[in-house]
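Engineer:
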Amino acid sequence: MKKLRIYILAAFTVLALPNAYAHTTTAHTSAQKFGRGLAGMTCGFLEIPGNIVKETKAKGAIGFPIGLATGLGMTVTRELVGVYEFLSAPFPVPAGFQPILAPEYPWDYFE
5 MKKLRIYILA AFTVLALPNA YAHTTTAHTS AQKFGRGLAG MTCGFLEIPG NIVKETKAKG
65 AIGFPIGLAT GLGMTVTREL VGVYEFLSAP FPVPAGFQPI LAPEYPWDYF E
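Numbering (this note's numbering), first residue to last: 5 to 115.
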């Protein structure tokens with residue numbers, strides 16, 4: 005049973021990867037929302053180093069603990085929003101499949 009779960013997760017990941025890297029200015033789609041949800045659920049931990057980098061660049065050395073605290077909170081937020089987007093991918097809520105969080109993907113902090 006555990007192998008089956010791993011295979012299913014791997015299949016979803018492979019299907020979502022092309023959409024996860026598609027940063028376009030065109031209208032968002034259900035597939036992109038599905039990819040955002042999967043990325044949020046599986047890569048939410050990237051909020052911690054992402055927020056540390058963001059806050060350290062903005063505030064210097066004091067940004068490290070601020071970024072760490074913000075990142076921990078955003079990890080939970082990103083993963084819960086990921087579950088929501090994953091489950092609601094077929095439905096255009098919010099209007100036009102717009103992302104709920106900014107940045108759209110957790111690894112966008114590093115670009």
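Ideal placement from N, C-alpha and C gives every residue a C-beta, glycine not left out.
Just reading off the alpha helix (DSSP H) that Phe95 is part of, what are its end residues?
Structural biologist: No alpha helix (DSSP H) holds Phe95; DSSP gives it neither H nor E.
Engineer: Please state the DSSP three-state secondary structure of Tyr109.
Structural biologist: It is coil, neither helix nor strand.
Engineer: What separation, rounded to the nearest whole angstrom, lies between the Cα atoms of Phe49 and Thr79?
Structural biologist: Going by the C-alpha atoms only, they are around 5 Å apart.
Engineer: Residues in its own chain within less than 7 Å of Thr74 by CB, not counting five upstream and five downstream?
Structural biologist: Closer than 7 Å at the Cβ level, and outside the excluded window around Thr74, lie Asn55 and Glu59.
Engineer: Can you have a look at Val85 and say buried or exposed, based on whether 16 or more other CB atoms are within 10 angstroms of its CB?
Structural biologist: Buried, by the Cβ-count rule.
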